[in-house]
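S.K.: Have a look at this one before I ask anything.
Protein chains in written order, with my numbering: chain W, 130 to 472; chain A, 19 to 355.
Dropping the structure here:
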């Protein structure tokens, strides 16, 4: 095995992204507060080969900014992104081929004026994926991968339902034979009955094509079904990384714990509010000092208010950025099975 | 702060009739019916959910009750009785007088439902000034009081904010404060937490529950999220393609659905408490409103379908005490999930 084969599909180190907001001369004169928005504040993350890594967190936590940097549609302020152990530089054709994206809204992410066949053919030709004579056959193969028939090639996106459009968007992403798929909330715009088919498709593609998938989601029940590992983001930082089952059975960051306790449950009476959070995420213009979660954290003490905890290894394959990770492990999750209805 | 008495001009209601009774309601455009023959009752203080996927007609049903149907869509038949009198036949003036003090609505997207150029305190005070006859000062005090009740920190300062200055969760609380400012007996909620983060969603659901428990307000809660219904409501109506296909207490419906569509929805939705269960999608997709056949609208996607289902529309009938289902084959799926 060569070194490149062992390297993770994507590795992110010390990634930051800040946007400075137009400072007018008046604000400068009046010395109004900070005008820098920190979207990402030192993110370290690796996406392993062939895994589905879920990225969860509330809106404004920086999930989508990270996705944008990974596909190369925007650059980081500092830090590096490595593809297969090689630092990705300027966005070139090869690196943009390797990492493809599936967007949240399949209604706005497909060109309404191009037929399905034209969308796929454009990509296949531009990237010289197959000889020109085989473009049609390759398009049909791609549609087959996402469970659609050849007869849709001449149809326009408007003729399809949300779930079918999302399949087309996935086929388009697969056209250039990427190694990594970045899916930004790919099922949250879909109805429940359709959502399951798309989740199934992601699982199948990962198994058949060996794709590495970064799956950005806010629905933790969906994440639990699909992901191998989960990374939790809060206000521009990764605060916990763990294998899915372990994350949900023994969260080691209070924010993860609060997220789990907030999930609406299908079983009567199984919600609990021990870790219910007050307030909402603080503004990314004004990140709290010390641990950025301390103003909302039920466990916070003076140490948390002054020390900014680093993301540290706390067990095999587990990382947490919490000074109280060990204490949290001793607070058991509520037993939901006790209140479960007979089924 | 003085506590302001809000119920001074109460309409007296007959306690023997349900608070809200929707009977055989049909809604449609000129060319097609979108909602057909929907009937349900909501008792005073009851929390009732309507679930369904996009296009099922759940939001239109709610909007018809509030009299807020979009242009080109109209009620084509049926009755919507509030406290025994039909909202559809009463004068526009009388109906308008009920909206606010008796019936109020919370919308999905607080950013588009709030007036962007008016301070939120003034927006909350508008209803009480108009309907409860409060003076400017009294109404402003009531607005701050309402904001405090909906858990907005520092309400007196926030009352002077414009909607864009507040976060999504706070905006939704403002909208709830606005809806409950006149002490309505019926609160209509159209996916009030769909745009919110999960930790904030829990806060808002708890707030709604507390407000309803404290004041005895009845709730009609429209959502596509089965887990949210389970958390919020005692009873549920399941809608599919413009019809109610199943109704009953939430716990019973979720434990043992009696309509194949409800069963399909539950089997396709990820359940956090049962991560190992396989998700089973419903094959096919909902019918287009324009070309619905004569039979059961779910027949083309249904695993229990018979020839009878394709030609005749099953009526919503009692299948067990307190349980309704519109399915000819309901006995075949009587077993628990």
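Virtual Cβ for every residue (Gly too), placed ideally from N, Cα, C.
Listed from N- to C-terminal order along the chain, which residues in the region 267-300 of chain W have their beta-carbon within a distance smaller than 9 Å of any beta-carbon of chain A?
M.R.: Per Cβ criterion, the list reads 290, 291, 292 and 293.
S.K.: Using 8 Å as the limit for Cβ to Cβ distance, is residue 386/W near chain A?
M.R.: Closer than 8 Å: no.
S.K.: Using a threshold of 8 Å, state whether the C-beta atoms of residue 202/A and residue 129/A are closer than that.
M.R.: Contact: no.
S.K.: Taking Cβ positions, are residue 165/A and residue 177/A nearer each other than 8 Å?
M.R.: Cβ distance < 8 Å, so residue 165/A and residue 177/A count as in contact.
S.K.: Are the Cβ atoms of residue 181/W and residue 404/W separated by less than 8 Å?
M.R.: Not a contact, by the Cβ cut-off of 8 Å.
S.K.: Report the residue ranges of all beta strand (DSSP E) runs contained in full by the region 339-370 of chain W; include only those spanning at least 3 residues, in chain order.
M.R.: Whole beta strand (DSSP E) segments, 3+ residues: 341-346 and 358-363.
S.K.: To the nearest angstrom, how far is it from the Cα of residue 33/A to the Cα of residue 204/A?
M.R.: The alpha-carbon atoms of residue 33/A and residue 204/A are separated by roughly 14 Å.
S.K.: Could you check which residue in 313/W, 387/W, 381/W and 306/W has the C-alpha nearest to that of residue 224/W?
M.R.: Checking every option, the nearest Cα to that of residue 224/W belongs to 306/W.
S.K.: Check whether the Cβ of residue 349/W lies closer than 8 Å to any Cβ atom in chain D.
M.R.: The question asks about chain D, but that chain is absent: this structure's protein chains are W and A.
S.K.: Against residue 416/W, what residues of chain A qualify as contacts under a CB-to-CB distance less than 7 Å, listed in chain order?
M.R.: The contacting residues do not exist; residue 416/W stays about 16 Å from chain A at best.
S.K.: Can you name the residues of chain W whose CB is closer than 7 Å to the CB of residue 245/A?
M.R.: Residues of chain W passing the Cβ test: 393, 394 and 395.
S.K.: Does DSSP put residue 231/A in a helix, in a strand, or in coil?
M.R.: Residue 231/A: helix per DSSP, three-state reduction.
S.K.: Which first and last residues belong to the alpha helix (DSSP H) in which residue 278/A is found?
M.R.: Unbroken alpha helix (DSSP H) run through residue 278/A: 278-286.
S.K.: Where do the ends of the alpha helix (DSSP H) carrying residue 200/W lie?
M.R.: Element bounds for residue 200/W: 192-200.
S.K.: Look up residue 325/A in the DSSP assignment and say whether it is helix, strand or coil.
M.R.: The answer is helix: DSSP assigns residue 325/A an H, G or I state.
S.K.: Quick one: is residue 67/A buried, meaning 16 or more other Cβ sit within 10 Å of its Cβ, or exposed?
M.R.: That one is buried.
S.K.: Do residue 69/A and residue 247/A have their CB atoms nearer than 8 Å?
M.R.: Yes, the Cβ-Cβ distance between residue 69/A and residue 247/A is below 8 Å.
S.K.: In chain W, which residues lie with their C-beta within 9 Å of the C-beta of residue 190/A?
M.R.: Chain W residues near residue 190/A: none, gap ~11 Å exceeds 9 Å.
S.K.: Relative to the C-alpha of residue 256/W, which candidate in 271/W, 222/W, 206/W and 167/W has its C-alpha closest?
M.R.: Measuring from the Cα of residue 256/W, the nearest candidate turns out to be 222/W.
S.K.: List, in chain order, every chain W residue whose beta-carbon is nearer than 7 Å to that of residue 72/A.
M.R.: Residues of chain W passing the Cβ test: 320.
S.K.: At what residues does the alpha helix (DSSP H) containing residue 435/W begin and finish?
M.R.: Element bounds for residue 435/W: 431-435.
S.K.: Taking just the CA atoms, how far does residue 230/A sit from residue 219/A?
M.R.: Computed Cα separation, rounded: 17 Å.
S.K.: Of all the CB atoms in chain A, is at least one closer than 8 Å to the CB of residue 328/W?
M.R.: For residue 328/W, the answer is yes, since a Cβ of chain A falls inside 8 Å of its Cβ.
S.K.: Determine, for residue 368/W, whether the minimum Cβ-Cβ distance to residues of chain A falls below 8 Å.
M.R.: Not closer than 8 Å to any Cβ of chain A, the Cβ of residue 368/W fails to qualify, so no.
S.K.: Counting only the same chain and skipping the five closest in sequence on each side, list residues whose C-beta sits under 6 Å from that of residue 345/A.
M.R.: Excluding residues within five positions, the ones whose Cβ falls inside 6 Å are 277 and 332.
S.K.: Can you check whether the C-beta of residue 286/A is within less than 8 Å of a C-beta belonging to chain W?
M.R.: So yes, residue 286/A belongs to the interface.
S.K.: According to the neighbour-count rule (16 or more other Cβ atoms, all chains shown, within 10 Å of its Cβ), is residue 133/W buried or exposed?
M.R.: The predicted position of residue 133/W is uncertain, since its pLDDT is 44 and thus under 50; a value taken from the coordinates is nonetheless stated next. When all chains shown are included, residue 133/W counts as exposed.
S.K.: Is the CB-CB distance between residue 190/A and residue 222/A below 8 Å?
M.R.: Contact flag set, yes.
S.K.: Flag this pair as yes or no: are the beta carbons of residue 105/A and residue 113/A separated by less than 8 Å?
M.R.: Cβ atoms of residue 105/A and residue 113/A: closer than 8 Å.
S.K.: Anything in chain A within Cβ reach of residue 354/W, meaning under 7 Å, just list it in chain order.
M.R.: The answer, in chain order, is 288, 293 and 297.
S.K.: Tell me whether residue 442/W is buried or exposed, calling it buried when 16 or more other Cβ atoms sit within 10 Å of its Cβ.
M.R.: When all chains shown are included, residue 442/W counts as exposed.
S.K.: Who does residue 41/A pair with in a DSSP beta bridge?
M.R.: Answer is 97/A.
S.K.: Any heavy atom of the ligand FMN inside 7 Å of the beta-carbon of residue 430/W?
M.R.: Among the components of this structure there are no ligands whatsoever, and the ligand FMN is therefore not found.
S.K.: If contact means a Cβ-Cβ distance below 8 Å, which residues of the region 169-199 of chain A contact chain W?
M.R.: The region 169-199 of chain A vs chain W, Cβ under 8 Å: 171, 185, 186, 187 and 188.
S.K.: Take the Cβ of residue 445/W as the centre, count every other Cβ of all protein chains shown within 10 Å, and call the residue buried at 16 or more, exposed below.
M.R.: Under this definition residue 445/W is an exposed residue.
S.K.: On the three-state DSSP scale, how would you describe residue 229/W?
M.R.: Three-state DSSP puts residue 229/W in a strand.
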